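Encoded as structure tokens, the structure appears first; notes follow it.
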Amino acid sequence: MPNDIQAVGDDPRGEAAPPGTLQAPPGAGRTAIQLIEYSASTLEEHADCTVALLEERRGRSPVQWVHVRGLGDTDTLRAIGEAFGLHGLALEDVLDVRQRPKVEHYDEHLFVVTRVAVPGRPGRTSQLCLFLGDGFLLSFQEGSDAWLESVRQRLRQGRGRIRESPVDYLAYALLDVAMDSFFPPLEELGESLEDLEERAMGEPGPGVFEAIHVTKRRLLALRRSVWPMREMLSHLLQEDVPWFSGHTRVYLRDCYDHAVQVIDLIETYREIAADLSDVYFASVSVRLNAIMKVLTVIATIFMPLSFITGVYGMNFRTDVSPWNMPELTWRYGYPAALLLMLITAALLMVYFARRGWLSGKAEGRGRMDDEAQ
Amino acid sequence: MPNDIQAVGDDPRGEAAPPGTLQAPPGAGRTAIQLIEYSASTLEEHADCTVALLEERRGRSPVQWVHVRGLGDTDTLRAIGEAFGLHGLALEDVLDVRQRPKVEHYDEHLFVVTRVAVPGRPGRTSQLCLFLGDGFLLSFQEGSDAWLESVRQRLRQGRGRIRESPVDYLAYALLDVAMDSFFPPLEELGESLEDLEERAMGEPGPGVFEAIHVTKRRLLALRRSVWPMREMLSHLLQEDVPWFSGHTRVYLRDCYDHAVQVIDLIETYREIAADLSDVYFASVSVRLNAIMKVLTVIATIFMPLSFITGVYGMNFRTDVSPWNMPELTWRYGYPAALLLMLITAALLMVYFARRGWLSGKAEGRGRMDDEAQ
Amino acid sequence: MPNDIQAVGDDPRGEAAPPGTLQAPPGAGRTAIQLIEYSASTLEEHADCTVALLEERRGRSPVQWVHVRGLGDTDTLRAIGEAFGLHGLALEDVLDVRQRPKVEHYDEHLFVVTRVAVPGRPGRTSQLCLFLGDGFLLSFQEGSDAWLESVRQRLRQGRGRIRESPVDYLAYALLDVAMDSFFPPLEELGESLEDLEERAMGEPGPGVFEAIHVTKRRLLALRRSVWPMREMLSHLLQEDVPWFSGHTRVYLRDCYDHAVQVIDLIETYREIAADLSDVYFASVSVRLNAIMKVLTVIATIFMPLSFITGVYGMNFRTDVSPWNMPELTWRYGYPAALLLMLITAALLMVYFARRGWLSGKAEGRGRMDDEAQ
Amino acid sequence: MPNDIQAVGDDPRGEAAPPGTLQAPPGAGRTAIQLIEYSASTLEEHADCTVALLEERRGRSPVQWVHVRGLGDTDTLRAIGEAFGLHGLALEDVLDVRQRPKVEHYDEHLFVVTRVAVPGRPGRTSQLCLFLGDGFLLSFQEGSDAWLESVRQRLRQGRGRIRESPVDYLAYALLDVAMDSFFPPLEELGESLEDLEERAMGEPGPGVFEAIHVTKRRLLALRRSVWPMREMLSHLLQEDVPWFSGHTRVYLRDCYDHAVQVIDLIETYREIAADLSDVYFASVSVRLNAIMKVLTVIATIFMPLSFITGVYGMNFRTDVSPWNMPELTWRYGYPAALLLMLITAALLMVYFARRGWLSGKAEGRGRMDDEAQ
Amino acid sequence: MPNDIQAVGDDPRGEAAPPGTLQAPPGAGRTAIQLIEYSASTLEEHADCTVALLEERRGRSPVQWVHVRGLGDTDTLRAIGEAFGLHGLALEDVLDVRQRPKVEHYDEHLFVVTRVAVPGRPGRTSQLCLFLGDGFLLSFQEGSDAWLESVRQRLRQGRGRIRESPVDYLAYALLDVAMDSFFPPLEELGESLEDLEERAMGEPGPGVFEAIHVTKRRLLALRRSVWPMREMLSHLLQEDVPWFSGHTRVYLRDCYDHAVQVIDLIETYREIAADLSDVYFASVSVRLNAIMKVLTVIATIFMPLSFITGVYGMNFRTDVSPWNMPELTWRYGYPAALLLMLITAALLMVYFARRGWLSGKAEGRGRMDDEAQ
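Chains E, R, L, A and X, in that order, are what the protein sequence lines are. The opening position of the first sequence corresponds to residue 20 in my numbering, with each subsequent residue numbered one higher. The opening position of the second sequence corresponds to residue 20 in my numbering, with each subsequent residue numbered one higher. The opening position of the third sequence corresponds to residue 20 in my numbering, with each subsequent residue numbered one higher. The opening position of the fourth sequence corresponds to residue 20 in my numbering, with each subsequent residue numbered one higher. The opening position of the fifth sequence corresponds to residue 20 in my numbering, with each subsequent residue numbered one higher.
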């Protein structure tokens with residue numbers, strides 16, 4: 020559970036805390052503010068800047084991107100909230116890092132919550148919150164923001180149309196990179212399913228099923244993030260959302276298509292994983308049958324033989340009566356007994372061979388190999 | 020059944036009782052009325068007040084909260100209903116403590132039924148009914164109302180914006196605390212699933228499956244309460260509900276988001292629980308295979324050996340014929356027989372080792388451990 | 020099948036019969052007409068009245084309730100149909116007692132088909148058809164109409180508002196009693212599930228599963244009746260149905276809430292029943308494992324022991340060679356052999372105890388008991 | 020597969036054939052045209068008439084029903100198409116006998132595809148295509164049209180309102196008979212389920228499961244036909260379909276109700292069939308447990324007994340040492356040994372009786388019989 | 020995995036590449052441009068033409084079809100994009116060959132992505148992108164375009180109405196052939212299911228289940244392609260798509276019907292495949308029961324017999340006491356012992372025959388054969 024499905028944990032507000040109370044999420048890092056101001060021709064970066072500086076620079080550039088990393092310092096966050104006129108509930112949502120992706124409209128800005136897949140840990144996601152206002156974009160990132168570096172590079176190098184575009188294109192760029200962060204973990208899970216399929220069709224140990232279960236859990240966790248992301252993007256695409264221009268909306272539609280594609284893959288993988296459970300059970304039950312056949316063949320052959328030896332191991336006194344085990348004194352008694360056993364065994368082998376118990380498994384396998392070509 | 024899925028019980032109305040007949044629910048406690056009147060600057064509490072006092076104080080404060088705890092005294096309830104002009108059917112719903120959350124519009128007030136998770140008993144809920152009118156909020160609580168203490172504290176201490184806000188904010192505050200009461204039982208169930216997952220992957224006894232079943236039942240019970248709560252909140256958020264101001268509606272939207280989050284978790288946990296059943300069955304079937312392998316290996320090795328001892332335990336008379344068991348009189352007959360048995364056993368061991376029956380389990384486990392890292 | 024899911028049977032119309040042909044359902048009882056006329060102050064009952072009397076009394080009272088019990092006499096029914104101007108297809112529907120609940124609008128009246136749970140036979144329902152016109156209500160009941168007695172009593176005693184209300188309230192009263200007839204069978208099925216749960220967790224015989232299956236079938240049958248009843252009630256609640264006044268619509272909404280509650284319970288019970296199947300299979304597979312463990316432990320202990328006795332039961336001649344079974348002539352040969360067997364058995368017991376095969380079951384049970392508290 | 024789910028077969032058009040190319044379906048019969056002209060007072064039948072005659076008689080009667088049976092003669096069909104101005108794609112659909120039921124609007128006529136259950140072969144359907152125009156109805160029937168005889172009889176005998184009604188009523192009559200053709204196969208499948216239920220609860224052989232599977236497949240095939248029929252009828256009921264008068268629409272609504280009823284039954288039967296699979300597996304697993312119990316009881320009793328006989332079958336020499344099997348020379352050695360075996364067997368029997376292994380099955384059965392009452 | 024569910028692979032854009040960057044898909048072939056210009060009376064083909072030629076010929080014919088095969092040469096593709104004014108994102112979609120079918124509206128043209136089934140490899144699809152503009156159709160095909168030959172032939176031979184129709188009919192013709200390409204693989208999968216059904220009902224080896232799994236995976240892959248194709252076609256059928264005339268829309272509707280038919284078949288096959296898994300498990304479990312019966316019968320008969328031989332193989336000294344195994348010295352001791360064994364075996368056989376263990380299987384089979392007729 021702790022890896023993928025993020026536990027509900029303690030409600031961020033205390034028992035009797037009124038709504039809007041700010042509490043840092045457990046394990047939150049130091050809060051660092053980065054300001055990037057740019058236009059088509061200029062770009063200025065301020066690492067580790069203060070709230071005071073933010074207010075001073077407000078409105079100096081066509082586009083201002085204020086990026087806040089780490090949610091540990093509630094005082095700074097509250098100061099930013101006041102500087103940008105953020106609603107208390109929105110700020111509370113920023114600090115509650117288990118939010119589902121969503122869009123909320125405020126008078127002064129648009130509030131968007133999205134999730135980003137954590138690289139190398141399929142199923143894990145972190146939270147990115149965006150406030151898109153008039154000429155500024157305010158972003159809050161829980162945990163690492165290394166995945167944003169590609170956007171920063173594009174800004175610095177002025178590649179693509181990002182520097183010439185207004186702030187809504189920057190918001191799109193962040194959402195797009197966030198969306199695309201889901202492709203690598205899905206690829207990883209796809210390969211893992213491929214591997215599990217092969218193992219489930221062979222001689223699966225208990226580990227195979229547990230690995231299928233883990234994969235299912237990870238897909239479930241991704242799904243929980245991506246479905247509401249699609250809804251959120253679909254909402255942003257509606258005509259009546261004023262914060263995105265028609266030009267940027269074309270790009271958002273592309274991002275929406277990616278969300279649909281990711282969901283499509285997740286659902287496909289989930290079906291395959293569900294089907295793999297059945298493949299596993301089929302393998303196990305076939306092997307149980309095989310084991311039981313071995314036992315039955317052995318027992319069925321040796322029990323009659325042992326019975327025959329038992330009969331001639333009885334101690335009836337041959338000397339007191341001619342009826343008592345005369346075979347024991349025949350000249351060819353022993354060879355005859357051995358022959359009897361041999362014939363018994365042979366007849367049983369023929370019986371089992373006819374029922375296909377002696378070669379069943381190999382043949383089944385052969386057929387499958389044909390199928391798989 | 021009796022713990023989680025509340026039985027239909029007897030219909031509260033008797034056989035030929037017309038609709039609107041009031042009957043106390045079985046086991047209902049003494050009815051106690053509490054009146055809290057407040058404005059931004061003042062707050063007055065009347066514990067255990069009478070209906071007469073209620074009528075006298077009516078309209079004396081900007082906000083009046085009449086809280087009724089315990090539904091045992093139908094006469095008092097009927098008197099309150101008459102004092103506030105409640106519809107007979109609404110009052111009947113208050114007394115039928117198995118209601119699904121819902122909203123009903125009456126001319127004079129809004130009637131809301133919601134459910135509250137009972138702390139420490141996951142799956143159990145109690146019923147809270149609200150009548151939201153002009154300047155007053157009438158609440159009816161079945162069973163304990165300890166969970167309301169946090170709202171009372173906020174009122175008394177004047178924390179947050181509750182004291183400055185009109186009565187709709189108070190209604191929101193109650194609905195919000197009711198909604199948030201579902202987080203702790205869900206957390207408990209999440210931990211229980213985590214624990215069950217570990218046990219299902221090990222050597223599960225029958226208790227594991229029964230515990231999975233109990234967890235499923237509890238999730239089902241919570242789900243029955245929360246889905247209609249979401250509908251109810253979604254209804255309250257519609258523009259045409261006049262009882263909530265735009266200001267409070269922002270807060271209700273937050274409460275609605277919590278409902279969505281709770282539903283999301285419940286559905287996720289339900290999927291995990293369903294999957295755990297499969298993990299359990301996989302564990303059990305793998306262990307059956309392991310047991311059968313032990314049996315088969317033992318039987319397959321000892322049956323031929325016993326057969327050999329049986330052969331040389333036969334009593335064919337060696338003295339009447341040189342064909343009769345001459346081995347018995349060979350000098351190295353006994354060691355040869357022992358050697359034959361040893362070789363037979365060794366060959367069978369090699370056969371089983373090649374099929375992987377001797378070390379299968381350990382290896383399967385090892386793989387899983389890799390997976391789980 | 021014949022108990023719960025009512026078979027399609029023969030189409031009531033014969034092979035080449037045109038639509039609108041009347042045929043009594045198989046086993047239909049004698050047709051009896053009862054007329055109850057009432058106003059707030061008066062009430063007159065005519066048991067076993069004729070069609071002629073019906074026409075004579077037409078319009079003499081504010082409310083006339085014509086109740087027809089038993090559908091065996093098609094001539095009478097056709098006469099009633101002509102007297103009240105019923106459409107041929109509607110009358111055909113009255114006689115086809117396997118109708119799903121529905122509403123149909125005709126110019127002169129509203130036609131409603133509903134179903135009533137048969138008391139004491141969960142899953143079984145009978146059909147009630149209503150024609151609601153201007154000042155009259157025409158009801159047709161297949162089989163027993165004892166469940167209507169409560170409405171008749173309320174009319175006779177003038178309890179509640181039924182006597183003062185117009186005819187639509189009477190229609191509501193019948194629909195309400197029909198809806199509430201589903202609570203007792205559901206309660207019964209809920210108790211049956213409770214009982215089955217206990218048995219499925221114990222040592223379930225085949226009867227348990229068959230009882231689960233029967234319960235599922237009964238829930239399925241109830242569900243088939245109640246889902247369309249909800250649709251039907253939802254249709255009646257629409258503003259554009261002119262036959263129900265706003266006043267009665269408040270009551271119908273209450274009836275609709277009951278339908279939702281019944282559906283909610285049915286779906287919950289269906290989920291629990293589905294889950295019980297899994298509990299059953301889990302119990303059975305755990306017990307199979309337990310059985311196989313006993314077999315394996317016994318076989319694994321006694322096969323080596325028997326092999327040892329077999330070795331010393333061989334007849335190699337000790338007198339012809341010192342190599343031939345010298346143990347047989349040792350002074351402590353026999354005690355040594357017994358000791359060997361004892362040690363073998365002890366070692367195997369230790370092995371099984373370590374794998375937990377000797378006490379596994381008891382411990383699993385213990386855990387469950389903790390869980391269930 | 021070939022029986023129920025009709026294979027896709029070859030696309031009727033050849034590789035490079037443009038849309039609208041006509042190809043007779045494989046195995047199509049000779050094309051025969053029948054013309055029935057009628058009004059309230061007159062009726063004229065022309066069996067095996069030609070396209071020329073059709074054109075000559077065009078418009079001579081208020082209602083003309085041209086019925087074409089057998090789709091083997093594409094030239095004739097093309098000629099009919101030209102005579103009535105049918106669209107090439109519609110005619111192509113007539114010849115593609117695997118169409119789903121649908122409605123298509125053309126300027127001159129309404130095109131309806133429906134399916135008819137083949138009597139005696141549950142799951143099998145044939146195709147009926149209708150072109151409803153101004154004063155004429157053109158119907159194309161693949162295979163046998165014996166099921167239409169009832170409509171022809173009603174026309175000839177002037178029963179019901181069919182002769183007085185315009186052509187849309189005739190179209191309804193055909194659709195109604197087509198819809199009602201699904202009741203008999205459903206009845207047959209219902210009886211088959213009833214029978215299978217009984218067998219699945221007894222001692223099911225593999226045939227039972229295969230029969231359940233066949234029933235499921237047939238229900239699936241019926242479902243594929245009836246769902247789109249409901250859609251088609253629902254479409255025809257819409258106000259904006261000009262070809263049906265308000266009067267006939269009342270009848271169509273009845274036909275739509277039958278479609279809903281059929282779907283309801285199909286879905287119910289599908290659920291029951293799905294549930295029967297579980298009943299089957301439960302029966303099988305219970306019987307496996309019973310078999311294993313027999314084996315375990317037998318083995319557990321006889322293995323210790325055989326071990327005892329083995330001990331006293333050892334050949335330790337009693338003459339060389341008083342420690343060597345002195346029991347063999349005791350006076351009551353043999354009776355004592357037999358007694359030991361008896362006690363061992365008795366103790367084991369008591370153990371098994373306590374675990375309920377000796378009588379488990381009978382008791383389980385008894386319970387079920389109670390349940391089923 | 021790699022065969023059917025196309026892996027996500029590397030995102031076509033590099034790490035920091037802005038949207039609209041073109042990258043050839045892995046393994047893309049050489050880009051070849053073919054231009055077909057035609058009117059009702061003329062047709063001109065230019066194989067392997069250049070972008071310059073395309074621009075030169077622009078608008079010279081009523082209909083121009085530019086077909087691009089192979090996506091390896093991004094420079095050429097970019098040049099085409101510029102020549103026809105394609106949006107960067109659309110061109111990026113052309114190169115991302117894992118797109119879901121979709122429609123996008125641009126000012127100058129309509130952009131359609133569809134998928135084509137690869138012949139002979141059920142489950143595999145390739146991508147076709149269409150840009151439908153004013154008088155021209157631009158198509159991009161990944162991989163082989165042999166399936167388009169039939170359209171080219173119809174153009175060259177002037178068959179059907181394709182030459183007389185404007186460019187939207189050409190677009191329809193391509194979509195129609197793409198849609199119809201799904202019928203052959205479905206037919207193949209249908210036959211494979213038929214074959215698997217037969218094998219699953221017989222004595223299934225593990226290969227059968229794996230083949231069912233592979234079939235399910237292929238159906239899943241087809242489904243992923245066809246569902247969005249239906250959506251896409253449904254979108255094109257809407258009145259407000261200006262690129263298709265009313266005349267062509269009639270044909271598109273036919274194409275849409277084929278999509279519905281394909282989906283219907285896929286869903287039906289998926290249900291059958293899911294059901295086949297159950298048939299398989301039923302077969303396997305029935306066979307396990309059969310195996311266990313053989314083992315139990317053998318063990319139950321021979322264990323008591325061996326026990327009897329064991330008793331008379333004991334070495335109690337008959338000479339020291341008349342109580343010690345006097346049977347050994349009886350005249351008919353041995354025959355009596357043999358008789359005892361015979362009676363024991365016979366009684367056990369009768370017991371098993373009564374429980375139906377000796378003939379169970381054959382009878383089950385016989386019943387099924389009846390069923391299947």
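The C-beta atom is built at its ideal place from N, Cα and C for all residues, glycine as well. Remember, it's a predicted structure, so these values are computed and weren't measured experimentally.
Is the CB of residue i under 7 Å away from at least one CB in chain D?
i             : result
residue 116/A : This model lacks chain D altogether, as its protein chains are E, R, L, A and X.
How close, in whole Å, do the beta carbons of residue i and residue j come, if the pair is a contact with beta carbons under 8 Å?
i             : j             : result
residue 107/L : residue 39/L  : 3 Å
residue 89/X  : residue 48/X  : 4 Å
residue 81/R  : residue 138/R : At roughly 32 Å, the Cβ-Cβ gap does not stay under 8 Å, so residue 81/R and residue 138/R are not in contact.
residue 432/A : residue 68/A  : The structure shown has nothing for residue 432/A, since chain A only spans 20 to 392.
Taking residue i as the reference, give the member of the options with the closest Cα.
i             : options                       : result
residue 318/E : 168/E, 371/E and 178/E        : 371/E
residue 333/X : 292/L, 46/L, 231/L and 328/L  : 328/L
residue 338/L : 352/R, 325/R, 104/R and 339/R : 352/R
residue 247/A : 120/A, 109/A and 128/A        : 120/A
Suppose you measure from the CA of residue i to the CA of residue j; what does that come to, to the nearest Å?
i             : j             : result
residue 11/L  : residue 41/R  : Here chain L comprises residues numbered 20 to 392, so residue 11/L is not present and cannot be evaluated.
residue 133/A : residue 271/X : 21 Å
residue 159/L : residue 169/L : 17 Å
residue 111/A : residue 236/R : 55 Å
residue 374/L : residue 336/R : 47 Å
residue 53/X  : residue 157/X : 10 Å
residue 312/X : residue 310/A : 7 Å
Would you list, in sequence order, the uninterrupted beta strand (DSSP E) runs of no fewer than 3 residues that lie entirely inside the stretch 91 to 156 of chain A?
-> 121 to 124, 129 to 136 and 144 to 151
Do the stretch 285 to 299 of chain L and the stretch 203 to 214 of chain L make contact, defined as three or more Cβ pairs closer than 8 Å?
-> yes
How about the stretch 174 to 187 of chain L and the stretch 55 to 62 of chain L: do they share at least three Cβ pairs that are nearer than 8 Å?
-> yes
Counting Cβ pairs, one atom from each stretch, are 3 or more of them under 8 Å apart for the stretch 339 to 350 of chain R and the stretch 341 to 352 of chain E?
-> yes
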